[in-house]
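Enquirer: Chains as they are written, first to last, in this note's numbering: chain A, 1 to 442; chain B, 1001 to 1442. Every residue gets a Cβ at the ideal spot worked out from N, C-alpha and C, and that includes glycine. Remember, it's a predicted structure, so these values are computed and weren't measured experimentally. Pasting in a structure now, in structure tokens, and then I'll have a few things to ask.
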């Protein structure tokens, strides 16, 4: 199982999808940098979410709030008080642990999981997961600010401004993609849990009483979204939060989980947050955040249905779900079966050999495609090796210009997944690729 | 002059382009949130830069490095030691100032610019502009990390990994868009200078000796980029850094400046950074960062030509450059003449009135366009008022479905800038809009 993750991490480095951050300095724990292919994959997932969640929906508008917010926001949200992990120290070896991650038997004996001594662990104290810093030239309590631990609050504090400027009426949603930071004690599993990460959150404002039905709709819509992203349906499931898991503000909550090599893990949370957030901000800011409903002539604090996904986590899911070591007759083929719409490179263009005008014609075709798609030109090495390199990069189509192209102006399109080749006229290439990449989604 | 900026700030709030961050809590100094229209404009500028700087260029690849990096990076870069502003305090009123911004006459007399007392100012001390925080559960010197003050270093430390995985040879470039943070003492001019901002940087690696010629190419290319973005050429100029302005690492540096209502200000810097950055990282990391040139059989540390632009600043330039109060016969029209390719909404669709089937037909046309463009449907109020709302939003085209549409299936396309209307068949609308939005750029 971990073996597969190791292979994926290795592929990601080899092909420029993900690098350890600051690697030449020995790295920095649980921070990763997206390489040339990784940044394209991430931008494509980001764009697909934005396209489906904002542009395709008349009831949702976008927002991009700053990471640095007024510190009172985090008092109102409850993060200053209770966004904490319980930490215990070992008095002997000085190691630090999350209490809830220590084997209960060891915890009972105050037995350190690291050095093994008994009666060495301190009582737990609460450690806040927000990164703190200071704004302005004076480092004092009054200038303390936080790196936001979630993007959601940026939406809540802007909800009136958004409504007034966009003339939206309830029900409507506000969507946002942006970075958040959590000083996790135990990050891990590659980019699954990192201290710096990107969220894709949508907050949907509804009339109290309509919340249950709207919740059900979003729960279904969001699962379908991952299927449309090309993720295998059998690897996805819902997990309903039990009473002991529910956040204090939540009426009902479901996770969408994916079966990673390291187990079923949360991809996205769908939460009925009730009127908790707006009520708290109304109280802490001393501003009226109620909504007057023109139709029913009622005034109320809207309920909020939240869909909260991780962008890095979704990228990891795309990679893990797409990864295959395929045993062919004479070799093992490593291939990323990425959905064409998120694949970093849409098509690679190869002249079979660099002579007889195949190279000039290949360049010409490449230049035409470049205006429409992110394409890649490769003329070095045997064509079989070029195919393999694109398989590892997840490129869905390879276009080869061969001697027959010189006669009848047809090229071959080689499909990454089936490895089959079709011949098509070079004049319909753009239309053909458009169809194969976007399929029924556009 | 400031009057114009006030009007622009007001328009930005009214139309949902930019809001003051955490406004319900009284705001937070020099932080802004992008509203529904603003986030679309920003994404379009981001995408246009990426498209032209990465996808259209075979010699440039992308990267997206984490904001949190190994602290040694900032020792190597020189930021820990010298990324500082000189600060003086007033012993009487306790205000704090940047020494280089105090009137020299007042400074000579140690006269406070705030309370006016003489001999009240302290000697200057150096204040580091990097935001500091701690990673992991222990707040101690060893866990101190910084929010990156520039994205460039993320490119330098990854240059070997990028080269190895993408098989690029010198000359080539690495491009990145991402947030950076500077604890500026005097931010200001709306989103021109903020403490949290987004950079669009490209670092181009060249053989020493080729640097001057490549520098000249990039200087010209980058100015042309702003013209292609729709910025008026006469508002753009170069400013060459004099000897006293040059950063310690720079051999030559030019700014591209724009004439804002508050004066000519830097939009982008083009710098010849020599081999300074890679040499420093080679030294501090103890890793060989030299390049072996296959063709010339030489080994060298590449020189770097940097093009460093601000995304927020470019968005502000688009807005300022596009803003017009146009005196018509009976009224003043406020219009944003944004280039169609960055305009938040590409087209608005209106039924002239909500009857006789005009509304059904308008909805149908809207649904078709929605798959290709970010479009907006509006059926409320007089059509003249609907046009005005779109003028303020910078929407280049309004499509109206009227009684003639019911007869001959033609619609009107109203041009935002000329206010003229053409009739076109509804069947060629997508082609027509494509042409008008992308013009010669695609």
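Which whole runs of the beta strand (DSSP E) in the region 1164–1204 of chain B are 3 residues long or more, in chain order?
Expert: Taking only runs of at least 3 residues, the beta strand (DSSP E) segments lying wholly in the region 1164–1204 of chain B are 1172–1181.
Enquirer: Could you tell me how far apart the beta carbons of residue 38 of chain A and residue 18 of chain A are, in whole angstroms, since I believe they sit closer than 8 Å?
Expert: Within the first chain, numbered from 1, the residue matching residue 38 of chain A stands at position 38. Within the first chain, numbered from 1, the residue matching residue 18 of chain A stands at position 18. About 5 Å separates the two Cβ atoms, so the contact holds.
Enquirer: I need the DSSP call for residue 278 of chain A, collapsed to helix, strand or coil.
Expert: The residue given as residue 278 of chain A occupies position 278 in the first chain. Correct three-state label for residue 278 of chain A: helix.
Enquirer: Tell me which residues of the region 1373–1384 of chain B have at least one Cβ-Cβ distance to chain A shorter than 7 Å, keeping chain order.
Expert: Within the region 1373–1384 of chain B, the residues whose Cβ lies closer than 7 Å to some Cβ of chain A are 1374 and 1377, listed in chain order.
Enquirer: Of the choices A:304, A:268 and A:299, whose alpha-carbon is the least far from that of residue 251 of chain A?
Expert: Counted from its first residue, the first chain places residue 251 of chain A at position 251. Among A:304, A:268 and A:299, the Cα nearest to that of residue 251 of chain A belongs to A:304.
Enquirer: DSSP on residue 1131 of chain B, reduced to helix/strand/coil?
Expert: Looking up residue 1131 of chain B in the second chain gives position 131. Here residue 1131 of chain B sits in coil by DSSP.
Enquirer: Pairs of beta-carbons, one from the region 1189–1201 of chain B and one from the region 1296–1313 of chain B, closer than 8 Å: are there three or more?
Expert: Counting Cβ pairs under 8 Å, three or more are found: they touch.
Enquirer: Name the two residues that bound the continuous alpha helix (DSSP H) containing residue 79 of chain A.
Expert: Here residue 79 of chain A refers to the residue found at position 79 when the first chain is read from its first residue. Here the alpha helix (DSSP H) through residue 79 of chain A covers 79–82.
Enquirer: Output needed in chain order: residues of the region 1123–1153 of chain B with a Cβ under 8 Å from some Cβ in chain A.
Expert: Those would be 1127, 1131, 1132, 1133, 1134, 1135, 1136, 1137, 1138, 1145 and 1147, in chain order.
Enquirer: Looking at the unbroken beta strand (DSSP E) that takes in residue 398 of chain A, where does it start and where does it end?
Expert: Taking the first residue of the first chain as position 1, residue 398 of chain A is located at position 398. Where residue 398 of chain A is concerned, the enclosing beta strand (DSSP E) stretches over 397–401.
Enquirer: Is residue 96 of chain A near residue 1137 of chain B, with beta carbons less than 7 Å apart?
Expert: Numbered from 1 along the first chain, position 96 holds the residue referred to as residue 96 of chain A. Numbered from 1 along the second chain, position 137 holds the residue referred to as residue 1137 of chain B. Yes. Within cutoff.
Enquirer: Restricting to Cα atoms, I'd like to know which of A:318, A:27, A:292 and A:264 is closest to residue 206 of chain A.
Expert: Counting from one through the first chain, the residue named residue 206 of chain A turns up at place 206. Nearest option by C-alpha distance: A:292.
Enquirer: Any C-beta of chain B sitting closer than 7 Å to the C-beta of residue 33 of chain A?
Expert: As a first step, residue 33 of chain A is located in the first chain; it is residue number 33 there, counting from the start. Output row for residue 33 of chain A: interface = yes.
Enquirer: Taking the beta carbon of residue 1217 of chain B as the centre, do at least 16 other beta carbons fall within 10 Å, making it buried, or is it exposed?
Expert: Within the second chain, residue 1217 of chain B is the residue found at index 217, counting from 1. Result: exposed.
Enquirer: In terms of residues, what are the limits of the beta strand (DSSP E) holding residue 38 of chain A?
Expert: Residue 38 of chain A sits at position 38 when you count from the first residue of the first chain. Element bounds for residue 38 of chain A: not the beta strand (DSSP E) but the alpha helix (DSSP H), 36–50.
Enquirer: For chain B, check one thing: does any of its Cβ atoms lie closer than 7 Å to the Cβ of residue 287 of chain A?
Expert: Stepping through the first chain from its first residue, residue 287 of chain A is reached at position 287. It does: the Cβ of residue 287 of chain A has a partner Cβ on chain B nearer than 7 Å.
Enquirer: Quick check: the Cα distance between residue 1074 of chain B and residue 1362 of chain B, rounded to an integer number of angstroms?
Expert: Here residue 1074 of chain B is taken as the residue at index 74 of the second chain, counted from 1. Here residue 1362 of chain B is taken as the residue at index 362 of the second chain, counted from 1. Cα-Cα distance, rounded: 57 Å.
Enquirer: Jot down the residue ranges of each uninterrupted alpha helix (DSSP H) in the region 297–365 of chain A, minimum 4 residues, whole runs only, in chain order.
Expert: Segments of the alpha helix (DSSP H) lying fully in the region 297–365 of chain A: 311–322.
Enquirer: Hey, residue 1147 of chain B and residue 1067 of chain B are a contact pair by Cβ (cut 8 Å); roughly how many whole angstroms apart?
Expert: Counting from 1 along the second chain, the entry for residue 1147 of chain B is found at position 147. Counting from 1 along the second chain, the entry for residue 1067 of chain B is found at position 67. Confirmed, about 6 Å.
Enquirer: Could you check what DSSP says for residue 1256 of chain B in three-state terms: helix, strand or coil?
Expert: Taking the first residue of the second chain as position 1, residue 1256 of chain B is located at position 256. If DSSP states are grouped into helix, strand and coil, residue 1256 of chain B belongs with the strands.
Enquirer: Express the C-alpha separation of residue 265 of chain A and residue 213 of chain A in angstroms, rounding to a whole number.
Expert: Mapped onto the first chain, residue 213 of chain A falls at position 213. Mapped onto the first chain, residue 265 of chain A falls at position 265. Near 26 Å, if we compare the C-alpha coordinates of residue 265 of chain A and residue 213 of chain A.
Enquirer: Determine the burial state of residue 232 of chain A: buried for a count of at least 16 other Cβ atoms within 10 Å of its Cβ, exposed for fewer.
Expert: Taking the first residue of the first chain as position 1, residue 232 of chain A is located at position 232. Result: exposed.
Enquirer: Between which two residues does the beta strand (DSSP E) containing residue 270 of chain A stretch?
Expert: Position 270 of the first chain, counting from 1, holds the residue named residue 270 of chain A. Unbroken beta strand (DSSP E) run through residue 270 of chain A: 263–272.
Enquirer: DSSP three-state call for residue 1231 of chain B: helix, strand or coil?
Expert: Counted from its first residue, the second chain places residue 1231 of chain B at position 231. Note: residue 1231 of chain B maps to coil in three-state DSSP.
Enquirer: Leaving out five residues on either side along the sequence, give the residues of the same chain with a beta carbon under 8 Å from the beta carbon of residue 442 of chain A.
Expert: By 1-based counting over the first chain, the position of residue 442 of chain A is 442. Because residue 442 of chain A sits at a pLDDT of 42, beneath the cut-off of 50, its placement in the model cannot be relied upon, and the following sentence gives the value as read from the coordinates. There are no such residues.
Enquirer: Give the C-beta separation of residue 71 of chain A and residue 144 of chain A to the nearest angstrom, bearing in mind that I take them to be a contact with Cβ-Cβ under 8 Å.
Expert: On the first chain, residue 71 of chain A is found 71 positions in, with the first residue counted as 1. On the first chain, residue 144 of chain A is found 144 positions in, with the first residue counted as 1. Their Cβ separation, rounded to whole angstroms, is 6 Å, which keeps residue 71 of chain A and residue 144 of chain A in contact under 8 Å.
Enquirer: Run down chain B in chain order and give the residues with a C-beta less than 8 Å from the C-beta of residue 95 of chain A.
Expert: One-based indexing of the first chain puts residue 95 of chain A at position 95. The premise fails here: residue 95 of chain A is roughly 11 Å from chain B at the closest Cβ pair, so nothing lies under 8 Å.
Enquirer: Just how far apart, CA to CA, sit residue 431 of chain A and residue 398 of chain A?
Expert: As a position in the first chain, residue 431 of chain A is number 431, starting the count at 1. As a position in the first chain, residue 398 of chain A is number 398, starting the count at 1. The straight-line gap from Cα to Cα measures roughly 15 Å.
Enquirer: Buried or exposed: where does residue 428 of chain A fall if 16 or more other Cβ atoms within 10 Å of its Cβ makes it buried?
Expert: As a position in the first chain, residue 428 of chain A is number 428, starting the count at 1. Residue 428 of chain A comes out exposed.
Enquirer: Cβ closer than 8 Å: which chain A residues qualify as neighbours of residue 1073 of chain B?
Expert: Start at 1 with the first residue of the second chain, and residue 1073 of chain B comes out as number 73. Those are 22 and 25, listed as they occur along chain A.
Enquirer: Quick one: grab the DSSP three-state call for residue 1010 of chain B.
Expert: Here residue 1010 of chain B refers to the residue found at position 10 when the second chain is read from its first residue. Helix at residue 1010 of chain B.
Enquirer: What's the call for residue 1030 of chain B, buried or exposed, on a 16-neighbour Cβ count within 10 Å?
Expert: Sequence index remark: in the second chain, residue 1030 of chain B carries index 30 (1-based). The residue is buried, with at least 16 neighbouring Cβ atoms inside 10 Å.
Enquirer: Quick check on DSSP: helix, strand or coil for residue 146 of chain A?
Expert: By one-based count along the first chain, residue 146 of chain A stands at place 146. Three-state result, residue 146 of chain A: strand.
Enquirer: I'd like to know if the region 282–291 of chain A and the region 255–265 of chain A are in contact, where contact means that at least 3 CB-CB pairs between them fall below 8 Å.
Expert: Not touching, per the Cβ criterion.
Enquirer: Taking a cut of 7 Å between CB atoms, which residues from the region 1061–1088 of chain B lie near chain A?
Expert: Under the 7 Å Cβ criterion, the region 1061–1088 of chain B contributes 1061, 1062, 1063, 1064, 1065, 1066, 1067, 1068, 1069, 1070, 1072, 1073 and 1087.
Enquirer: Suppose the cutoff is 8 Å on Cβ atoms and the five residues either side in sequence are ignored; what does the same chain contact list for residue 416 of chain A look like?
Expert: Within the first chain, numbered from 1, the residue matching residue 416 of chain A stands at position 416. So the list reads 335, 337, 390, 391, 394, 395, 396, 397 and 398, once near-sequence residues are dropped.
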